[in-house]
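One structure is given here, and the rest of the page talks about it.
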């Protein structure tokens, strides 16, 4: 089961210069809760944006960079796959477990037809950004959770945690 885990602003923006455009500790806590214990699929730039290999999660990195593959060849927490075909093969072997796609935009776009669940943090603000979330046809999904939060001493912006599940079966490799 593929689950997207991401945050976006009111203009569907998700990043700037390889980083999040905002500081929202509640979203980081939510991200950890959703991904802990589950494999995470990401592109090379998303992987590079992490300060270190995140504990308790296998990192599946889509990259043709051979140096990256060599660097992590002996690391059981990191698997570098060189192509979308190899990623789809890996996903087919893990279709009965929760797998979190965490970005970037090219990963989200590539897996749109396979995603089963959306875990979105909607930030009720707009930021300067250079990366936009690919368009999702929300008519294909049912909203099952909408948890709104007002700003507080640690979280400057209003935000909502939204959970959607796909209606029917995903299209798979379509």
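Residue numbers (the working numbering): 2 to 175.
Note that the Cβ used here is the ideal one computed from N, Cα and C, for glycine as well.
All values derive from a computational prediction rather than experimental measurement.
Query raised in the report: Start and end of the alpha helix (DSSP H) containing residue 246?
Result: Outside the displayed span of the chain (2 to 175) sits residue 246, for which this structure offers no information.
Query - From 90, 128, 69, 127, residue whose alpha carbon lies closest to that of residue 45 - result: Residue numbering aside, residue 45 sits at position 44 when the chain shown is read from its first letter. Residue 69 is the option with its Cα nearest to residue 45.
Query - Closest residue to residue 167 among 154, 104, 129, 113 (Cα-Cα distance) - result: The residue you call residue 167 lines up with position 166 of the chain shown. Nearest option by C-alpha distance: 113.
Query raised in the report: Taking Cβ to Cβ, would you say residue 123 is nearer than 8 Å to residue 73?
Result: Start at 1 with the first residue of the chain shown, and residue 123 comes out as number 122. Start at 1 with the first residue of the chain shown, and residue 73 comes out as number 72. No, these two residues do not count as a Cβ contact at 8 Å.
**Report entry** Secondary structure of residue 77, DSSP reduced to three states
**Finding:** The count along the chain shown starts at 1 and reaches residue 77 at position 76. Residue 77 falls in the coil class under three-state DSSP.
Query raised in the report: How do the stretch 132 to 152 and the stretch 105 to 121 stand: do at least 3 beta-carbon pairs fall below 8 Å, yes or no?
Result: yes
Requested in this report: Just list the beta strand (DSSP E) runs in the stretch 112 to 149, keeping only unbroken ones of 3 residues or longer that don't cross its boundaries, in chain order.
Outcome: 118 to 124
Requested in this report: Tell me residue 102's beta-bridge partners as DSSP assigns them.
Outcome: Counting from one through the chain shown, the residue named residue 102 turns up at place 101. Partner(s): 5, 42.
Query raised in the report: Roughly how many angstroms lie between the CA atoms of residue 71 and residue 150, to the nearest whole one?
Result: What you label residue 71 is simply residue 70 of the chain shown in a count that begins at 1. What you label residue 150 is simply residue 149 of the chain shown in a count that begins at 1. Approximately 43 Å between the Cα atoms of the pair.
Query - Segment limits, beta strand (DSSP E) that includes residue 165 - result: For the purposes of this step, residue 165 is taken as the residue at position 164 of the chain shown. From DSSP, the beta strand (DSSP E) with residue 165 extends over 160 to 167.
Query raised in the report: So residue 118 and residue 39 are in contact, right, with Cβ under 8 Å, and what is the actual spacing, rounded?
Result: Residue 118 sits at position 117 when you count from the first residue of the chain shown. Residue 39 sits at position 38 when you count from the first residue of the chain shown. About 11 Å separates the two Cβ atoms, so there is no contact after all.
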